Amino acid sequence: MNSRLPTLCAGDASAATLRNHRERIDQSWLKKELWPVRNFHQAFHGGLWTGLIHAGLQFISGGRGLIDPMRAEPGYRAYTNLHRDRTLVDQSARFKGDGKLTFDRLTDVYHSGTRHDEDQPCHLVVLEPDICSDRCVREFGNPCQYFCPAAVYEMGMEKGVPKLKINAANCVHCKTCDIADPYQIINWVPPEGGGGPNYDGM
Ligand code: SF4
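Just so you know, we're using the working numbering here: the sequence shown kicks off at 4 and counts up by one.
And the structure:
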């Protein structure tokens, strides 16, 4: 058994076995690296200009700034309800790039060398797909089509009804969907080892 990861190897993540985890993080390079930026993201919650002031003060005070710790709401709660009808937005006019310096998303996925075993368990599960084809169309216009950089989520029509298609093999493992999904119904789990982007040669 690996003595550095006893809880993982034993499959035991109870509070008792993890009691030293905080202490070990505090003593490691990880804490040293992340502590000065602990409030950076939250600083921009109120907009760019207040964010720049906060970030500047944090920079000269080792991350402390004016408020420490700063709190912020999860980003997925900031969506504005569109109150639309159940009509899909035409995606054909989306950015396609010039094919030389800028590219469409699928070409970028190709360049990332992303690949997964065909028969591996799906690492992206939408827990309530009915929400995608109804509520999300009307309320938020299916933002998954926009925030996913790899065109994994595609809305289309099937028998006159909006339907979500998931191109899981495109996934570049950024985990944005797990965080930005307005209903928190996308369950992203780490895929099998060896899959995903391979940026060699870019
Ligand atoms: S993890 Fe990133 S690339 Fe993969 S489906 Fe989610 S948003 Fe798309």
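For every residue, glycine included, the Cβ atom is placed at its ideal position computed from N, Cα and C. Fair warning: this is a prediction, and the values are worked out from it, not measured in the lab.
For Ala153, the Cβ falls inside the 7 Å cut-off from some heavy atom of the ligand SF4. The residue among Glu121, His24, Ile28 and Leu69 with its C-alpha nearest the C-alpha of Phe43 is Leu69. In the structure shown, Asn42 adopts coil according to DSSP, grouped into three states. Here the distance from the Cβ of Lys35 to the nearest heavy atom of the ligand SF4 is not below 7 Å. By the C-beta density criterion, Cys147 is buried, having at least 16 other C-beta atoms within 10 angstroms. Fewer than three pairs of CB atoms, one per stretch, sit closer than 8 Å, so the segment 144 to 158 makes no contact with the segment 27 to 42. The beta carbon of Asp184 sits closer than 7 Å to those of Tyr79 and Cys147, all from its chain and outside the five residues before and after it, given in chain order. Closest in C-alpha terms to Cys177, from the list Pro200, Lys103 and Leu104, comes Pro200.
Remark: the C-beta of Lys103 is outside contact range of the ligand SF4, defined as less than 7 Å to any heavy atom.
Residue Ala171 holds the alpha-carbon nearest to the alpha-carbon of Thr117 among Leu85, Ala171 and Glu157.
Exposed is the label assigned to Tyr202, since fewer than 16 other Cβ atoms lie within 10 Å of its Cβ. Residue pairing for Asn201: DSSP places it in no beta bridge. In this structure Asn173 is buried. Its beta-carbon is surrounded by 16 or more other beta-carbon atoms within 10 angstroms.
In this structure, Phe143 has its beta carbon at no less than 7 Å from each heavy atom of the ligand SF4.
Ala153 sits close to Arg108, with the two beta carbons spaced by under 8 Å.
Judged by the Cβ position, His176 qualifies as a neighbour of the ligand SF4 at the 7 Å threshold, a heavy atom of the ligand being closer than this. CA-CA distance, Cys125 to Val192, rounds to 9 Å. In this structure, the beta-carbon distance from Glu195 to Asp111 does not fall below 8 Å. In this structure, the CA atom of Ser17 is about 16 Å from the CA atom of Glu26. For Tyr156, the beta-bridge partners assigned by DSSP are Ile169.
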